[in-house]
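Engineer:
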Amino acid sequence: QLSLNLWGMYSGSGSQTAVASSVSGDSVAWETTWSWSGGENSVKSYSNVGLTSGLGVALSEISSIPTTWDWKVSGGASSAVFDVSYDWWLSADPSCGNAVSCSTVEVMLWLGGYGACTPAGSKVGTVTVAGLQWEYWTGTVQNWDIYSFVAPSPITSYDGDLNDFNAYIIKNGGVSSSQYLTAVQAGTEPFTGSAVTFTTTAYSAKVVSGGEVISSTSASSVSSTSSKAVSSSTTVKTSTTTAKAASTTTTKAPSTTVASSSSASASSGACGSAYSQCGGQGFSGSSCCKSFYLLLC
Numbered sequence: 011q012l013s014l015n016l017w018g019m020y021s022g023s024g025s026q027t028a029v030a031s032s033v034s035g036d037s038v039a040w041e042t043t044w045s046w047s048g049g050e051n052s053v054k055s056y057s058n059v060g061l062t063s064g065l066g067v068a069l070s071e072i073s074s075i076p077t078t079w080d081w082k083v084s085g086g087a088s089s090a091v092f093d094v095s096y097d098w099w100l101s102a103d104p105s106c107g108n109a110v111s112c113s114t115v116e117v118m119l120w121l122g123g124y125g126a127c128t129p130a131g132s133k134v135g136t137v138t139v140a141g142l143q144w145e146y147w148t149g150t151v152q153n154w155d156i157y158s159f160v161a162p163s164p165i166t167s168y169d170g171d172l173n174d175f176n177a178y179i180i181k182n183g184g185v186s187s188s189q190y191l192t193a194v195q196a197g198t199e200p201f202t203g204s205a206v207t208f209t210t211t212a213y214s215a216k217v218v219s220g221g222e223v224i225s226s227t228s229a230s231s232v233s234s235t236s237s238k239a240v241s242s243s244t245t246v247k248t249s250t251t252t253a254k255a256a257s258t259t260t261t262k263a264p265s266t267t268v269a270s271s272s273s274a275s276a277s278s279g280a281c282g283s284a285y286s287q288c289g290g291q292g293f294s295g296s297s298c299c300k301s302f303y304l305l306l307c
């Protein structure tokens with residue numbers, strides 16, 4: 011499913027849209043455009059495509075997570091602050107989602123970091139995984155550990171196996187292979203920028219266990235409501251979830267929200283941690299937020 015996920019929208023002001031253009035086989039194409047200002051150190055959203063079925067399998071049972079991702083940025087990208095990243099989640103509970111109380115490990119793979127943004131935690135050093143060098147960051151956010159691998163320069167065409175990074179943190183980070191994979195996402199986190207467009211021309215991911223594909227970005231799994239492939243003329247439905255990004259309890263979208271577009275401005279009132287409300291990535295400051303889910307139908 012394609013999720014706009016405006017979990018940090020109230021840390022600044024601006025707007026963002028997301029559009030799914032096509033699904034062909036297990037390849038997904040989509041784009042998001044944003045303008046955000048204020049809250050320079052705060053992530054405003056994590057517009058992403060996530061695997062939504064077939065997860066909850068132990069790392070020891072996963073043979074590979076092959077993925078390809080071709081993307082580009084345009085508009086005001088040269089002066090914007092944002093990252094392009096994979097984000098996947100582990101838990102001792104196979105039914106756990108992402109960024110919730112049962113989450114134990116978050117792994118991020120930054121294919122691009124623009125402007126003055128860095129992952130949560132601190133930089134440990136430079137490591138080699140799957141034949142490429144990455145900055146290696148570790149830390150703790152809320153109740154889970156976070157491990158981040160950052161490309162030294164943008165990789166706009168990636169073809170790799172995310173399980174290589176699982177193997178690294180099992181061997182070097184003390185992560186148990188009995189942990190369950192509970193979510194896999196790929197998207198972009200904007201901090202600030204004006205009229206920035208992030209375009210995924212082709213993205214695919216699979217989770218393979220026992221020689222079988224148990225989860226993938228196929229047309230049947232991208233949408234939680236329909237197995238029909240989408241086209242550029244397909245209407246994208248919008249709903250909202252509150253409290254946690256992974257929550258299965260949904261509420262009707264506000265009547266002022268149109269299709270896949272939303273705007274935000276700073277809000278008042280008492281707010282809890284952004285993670286405890288919406289499951290944001292790499293940020294633990296105050297925020298009142300909602301997550302907007304766009305289902306490919």
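Using the working numbering, the first residue of the sequence shown is number 11, and each one after it goes up by one. Note that CB positions come from ideal geometry on N, CA and C, so glycine has one too. Bear in mind that the values here come from a model prediction, so they are computed numbers and not experimental data.
Just to confirm, is the Cβ distance from Leu121 to Trp79 under 8 Å?
Structural biologist: Contact flag set, yes.
Engineer: Based on Cα-Cα distance, which residue from Asp93, Val139, Leu65 and Tyr213 lies nearest to Asn108?
Structural biologist: Nearest of Asp93, Val139, Leu65 and Tyr213 to Asn108, Cα basis: Leu65.
Engineer: Considering only the alpha carbon of each residue, which of Ser228, Tyr213 and Phe201 lies closest to Met19?
Structural biologist: For Met19, the nearest C-alpha among the options comes from Phe201.
Engineer: Within 10 angstroms of its Cβ, does Ser52 collect 16 or more other Cβ (buried), or is it exposed?
Structural biologist: By the 10 Å Cβ count, Ser52 comes out buried.
Engineer: Going by DSSP, name the residue or residues bridged to Tyr190.
Structural biologist: For Tyr190, which the question treats as bridged, DSSP gives the partners Ala68 and Ser101.
Engineer: Quick one: what does DSSP say Ser95 is sitting in, helix, strand or coil?
Structural biologist: Strand, per DSSP.
Engineer: Give me the DSSP bridge partner(s) of Ser37.
Structural biologist: Answer is Ser34.
Engineer: For the stretch 86-103 and the stretch 112-120, state whether three or more C-beta atom pairs, one from each stretch, are separated by less than 8 Å.
Structural biologist: Contact holds: three or more Cβ-Cβ distances are below 8 Å.
Engineer: Whole angstroms is fine: what's the gap from Ser25's alpha carbon to Asp171's?
Structural biologist: Answer to the nearest angstrom: the Cα atoms are 34 Å apart.
Engineer: Measuring straight from C-alpha to C-alpha, what distance separates Val185 and Ala68?
Structural biologist: When rounded, the distance between both Cα atoms is 12 Å.
Engineer: Should Ile72 and Val217 be called a contact, given that it needs their Cβ atoms to be closer than 8 Å?
Structural biologist: Yes, these two residues count as a Cβ contact at 8 Å.
Engineer: Assuming the contact rule is C-beta atoms closer than 8 Å, Gly60 and Gln152 should be a hit. Round their C-beta distance to whole Å, please.
Structural biologist: No, Gly60 and Gln152 are not in contact; Cβ-Cβ is about 20 Å, not under 8 Å.
Engineer: How close, in whole Å, do the beta carbons of Trp44 and Gly22 come, if the pair is a contact with beta carbons under 8 Å?
Structural biologist: Incorrect: roughly 11 Å between the Cβ atoms, too far for contact.
Engineer: Scan the stretch 122-187 and note each continuous alpha helix (DSSP H) run of 4 residues or more that stays entirely inside, going in chain order.
Structural biologist: Listed in chain order, the complete alpha helix (DSSP H) runs (minimum 4 residues) inside the stretch 122-187 are 173-182.
Engineer: Please identify the residue among Pro76, Ser158, Thr227 and Thr27 whose C-alpha is closest to the C-alpha of Trp147.
Structural biologist: When each option's Cα is compared against that of Trp147, the closest is Ser158.
Engineer: Where Ser105 and Thr192 are concerned, what is the direct C-alpha to C-alpha distance, given to the nearest angstrom?
Structural biologist: Those two C-alpha atoms are separated by around 7 Å.
Engineer: For Ser188, I'd like the list of residues in its chain whose CB is within less than 8 Å of its CB, leaving aside the five on either flank, ordered along the chain.
Structural biologist: Contacts found: Ala68, Leu69, Ser70 and Ala102.
Engineer: To the nearest angstrom, report how far apart Leu16 and Ser113 are at their CA atoms.
Structural biologist: So the alpha carbons of these two residues sit roughly 20 Å apart.
Engineer: Is it true that the CB of Thr209 sits closer than 8 Å to the CB of Lys82?
Structural biologist: Yes, the Cβ-Cβ distance between Lys82 and Thr209 is below 8 Å.
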